[in-house]
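Trainee:
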Ligand SMILES: Nc1ncnc2c1ncn2[C@@H]1O[C@H](COP(=O)(O)OP(=O)(O)O)[C@@H](O)[C@H]1O
Ligand SMILES: [Mg+2]
């Protein structure tokens, strides 16, 4: 780690009506770090990721990305977001990969990957096509450039989704259970692409149920439960010697599966 702070999320609060989903979650992520977020369903993992890139608006706390403030909260509790163009510019530094791929069904693999750079960033087509091909090559899909998503396996779709996020040249990648919708035999190819990205020192937050991936690839593991970070630390410490009873119970439950 060279110490550059990529994400600083402090005391994030998020409610859906009366439901307190995030109860003051704080997380700082440094350049090149791979942070795995684990925890039971409904603990607020997805909501937390979605707050980071403004897919959800927070009700309290502050988020700073690479030194630029996306949102902050005054002492009186007033939440203030950066103005729209600044907020968009900040959020564009984060690529996100979802459980349900979300590819455009009417576009080919190559078209899916170049769509956002063309329309959002205004990059020229002849500039982005070689980049897209390189990224699709990295995830092992060069032979699928002209296929439509309906012709791909789940693992292939997810690898397209990863290439698509990378085509925007993000500084940070957020993964929300990228292998949870896949048949077990297809998770490996997606995890491999993510592992490769980690080896290239991409800064990543990965919400995952893949405990062995978290243990081997992450620099830090966060255990969330009921809207809070209950425990965090080095993967060997969290998996090998969890301190909190809730972490122990969750890990026992996962390994019994
Ligand atoms: N858009 C929403 N509207 C209302 N409740 C939501 C919404 N999104 C998530 N929730 C609720 O917030 C809680 C946390 O959800 P989520 O962040 O998806 O948890 P996780 O990703 O850890 O499974 C759950 O109780 C969920 O039902
Ligand atoms: Mg989730």
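In full-length UniProt numbering, the protein residues as written are 1 to 257. Every residue, glycine too, gets a C-beta built ideally from N, C-alpha and C. Note that the structure is predicted; figures quoted are calculated from it, not measured.
(1) CA-CA distance, residue 118 and residue 221?
(2) Does the region 53 to 73 come within contact of the region 214 to 232, defined as at least 3 CB pairs closer than 8 Å?
(3) From this set, 225, 132, 92 and 75, which residue's C-alpha is nearest residue 68's C-alpha?
(4) Residues around ligand 1, please: the condition is that the C-beta lies closer than 5 Å to some non-hydrogen atom of it.
(5) With a Cβ-Cβ cutoff of 8 Å, do residue 103 and residue 40 count as a contact?
(6) So, under 8 Å CB-CB, residue 97 and residue 213 are touching, yes? Tell me the CB distance rounded to an integer number of Å.
(7) Quick one, are the C-beta atoms of residue 177 and residue 209 less than 8 Å apart?
(8) Is residue 181 helix, strand or coil when you go by DSSP?
(9) Counting only runs that start and end within the region 132 to 215, where is the beta strand (DSSP E) found for 3 or more residues in a row?
(10) From what residue to what residue does the beta strand (DSSP E) around residue 220 run?
(11) Could you say if the region 57 to 66 and the region 75 to 90 meet the contact criterion of at least three C-beta pairs nearer than 8 Å?
(12) Relative to ligand 2, is the shortest distance from any of its heavy atoms to the C-beta of residue 206 smaller than 7 Å?
(13) With a threshold of 7 Å, establish whether the CB of residue 236 neighbours any heavy atom of ligand 2.
(14) Just list the residues that DSSP pairs residue 94 with in beta bridges.
Mentor: According to the data block:
(1) 36 Å
(2) no
(3) 92
(4) 16, 21, 41, 42, 43, 44, 45, 46 and 47
(5) no
(6) Not a contact, Cβ separation roughly 14 Å.
(7) yes
(8) coil
(9) 172 to 176 and 203 to 207
(10) 220 to 225
(11) yes
(12) no
(13) no
(14) 172
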